[in-house]
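See structure below.
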Amino acid sequence: MDISKLIQGKNLTELDIQLLNYIIENIDHVLQQGVRHIAKVNYTSPATIIRLSKKLGYTGFVDMYYQLLPLIKEVEGKQTGVVDDFPEINTQEFFEYNTMETIELFINRVMKLEQTYIFLYATGFSAIAAEYLYKKLLVLGKKTILASGMDSIGVFENNLDNIGALVVISKSGETQQVIDKLVVAKEHHIFTVSFTKEIDNRIAGISDLNFKIIDNNKLDDRNMLPNIFFPRLLMTFELIIKEYLKTNTR
Numbered sequence: 053m054d055i056s057k058l059i060q061g062k063n064l065t066e067l068d069i070q071l072l073n074y075i076i077e078n079i080d081h082v083l084q085q086g087v088r089h090i091a092k093v094n095y096t097s098p099a100t101i102i103r104l105s106k107k108l109g110y111t112g113f114v115d116m117y118y119q120l121l122p123l124i125k126e127v128e129g130k131q132t133g134v135v136d137d138f139p140e141i142n143t144q145e146f147f148e149y150n151t152m153e154t155i156e157l158f159i160n161r162v163m164k165l166e167q168t169y170i171f172l173y174a175t176g177f178s179a180i181a182a183e184y185l186y187k188k189l190l191v192l193g194k195k196t197i198l199a200s201g202m203d204s205i206g207v208f209e210n211n212l213d214n215i216g217a218l219v220v221i222s223k224s225g226e227t228q229q230v231i232d233k234l235v236v237a238k239e240h241h242i243f244t245v246s247f248t249k250e251i252d253n254r255i256a257g258i259s260d261l262n263f264k265i266i267d268n269n270k271l272d273d274r275n276m277l278p279n280i281f282f283p284r285l286l287m288t289f290e291l292i293i294k295e296y297l298k299t300n301t302r
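Residues in the sequence shown are numbered consecutively from 53, following the working numbering.
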């Protein structure tokens, strides 16, 4: 919890801030512990805690406790796994379907390309995510080309000799335009990577490397329903880049 607004203009000492942080971090127990115990573990006096509560505008320790409790619980509620039935986005669920070896292979075969281009291709909503990855790769100094279903097929075919890896995104894993690009890339011995939903699909089967992203609404091909497939996808990009930067600085 960020206490900066809570303590602003209160002229608290370092000990006051230490005590306040202790109370916040132990909010479920401090009322039972009592002022004497809190003072003892923080090497101060009960009077200091009473003074702290009054500096913050409360009548005493108990009043401070009951005023802080709902504020702390509100913050904790926003940090829990489910908000309005939305599941938590975390790295643990990523590793239910993918491995660190998958990330390492992407880094070695895609991120470390120097003489050839990374070609990104996606359509629809996936093209928005592809543009995000494209810009991340550019700021990392990677030679990258981005194309979508709106671009001429020549953008891909005219650059085949200069492409080191084809990276595609398809939520359904069945987008025919994406499949066509993968087939051509395979014919030209270009390393292929796909990001799709986690169940079996044609694009995953064709790709040399496939990242499986959990899709909560697998039958919603038009992406009309609330879904965190794309937030999970962006998290995957950031996870890959994090690992790349770690290996690149060793």
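Just so it is clear, CB atoms sit at the ideal spot from N, CA and C, and this is done for glycine as well.
Backbone CA spacing between residue i and residue j [nearest angstrom]
| i | j | result |
| --- | --- | --- |
| Phe177 | Asn269 | 15 Å |
| Val134 | Asp213 | Note that Val134 scores a pLDDT of 46, beneath 50, so its modelled location is shaky and nothing firm can be said. |
| Lys62 | Met152 | 48 Å |
| Leu277 | Val235 | 31 Å |
| Asn275 | Leu123 | 36 Å |
| Glu156 | Ile75 | 43 Å |
| Tyr149 | Met287 | 14 Å |
Buried or exposed by the 16-neighbour rule on C-beta atoms within 10 Å, applied to residue i
| i | result |
| --- | --- |
| Glu250 | buried |
| Asn262 | buried |
| Lys125 | exposed |
| Ser97 | exposed |
Proximity to residue i [Cα-Cα], best of the options
| i | options | result |
| --- | --- | --- |
| Gly257 | Ile75, Ile293 and Glu226 | Glu226 |
| Tyr117 | Pro283, Asn73, Thr175 and Glu166 | Asn73 |
| Gln167 | Gly193, Leu83, Lys188 and Ile205 | Gly193 |
Contacting residues, own chain, Cβ-Cβ under 6 Å from residue i (five flanking each side not counted)
| i | result |
| --- | --- |
| Phe243 | Arg161, Ala217 and Asp260 |
| Tyr173 | Ala199, Val220 and Lys233 |
| Phe171 | Ile197, Ile215 and Leu218 |
| Ala181 | Ile221, Phe282 and Leu285 |
Sequence-distant residues of the same chain with beta carbon closer than 8 Å to residue i, five excluded per side
| i | result |
| --- | --- |
| Ile159 | Ile292, Glu295, Tyr296 and Thr299 |
| Lys382 | Any property of residue 382 remains undetermined from this structure, which presents the chain solely from 53 to 302. |
| Tyr110 | Met116 and Gln119 |
Chain-order list of residues whose beta-carbon lies under 7 Å from that of residue i (same chain, five-residue window excluded)
| i | result |
| --- | --- |
| Glu145 | Ile266 |
(message) I'd like the ranges of any alpha helix (DSSP H) spanning at least 4 consecutive residues and lying wholly in the region 91-117.
(response) Runs of the alpha helix (DSSP H) inside the region 91-117: 98-107.
(request) Give, in chain order, every unbroken run of the alpha helix (DSSP H) that is at least 4 residues long and sits entirely within the region 121-198. (result) 143-146, 152-158 and 176-191
(request) Pick out the complete alpha helix (DSSP H) segments inside the region 196-237, 4 residues or longer, and give them in chain order. (result) Secondary structure within the region 196-237: the alpha helix (DSSP H) runs of 4 or more consecutive residues, fully enclosed, are 206-209 (chain order).
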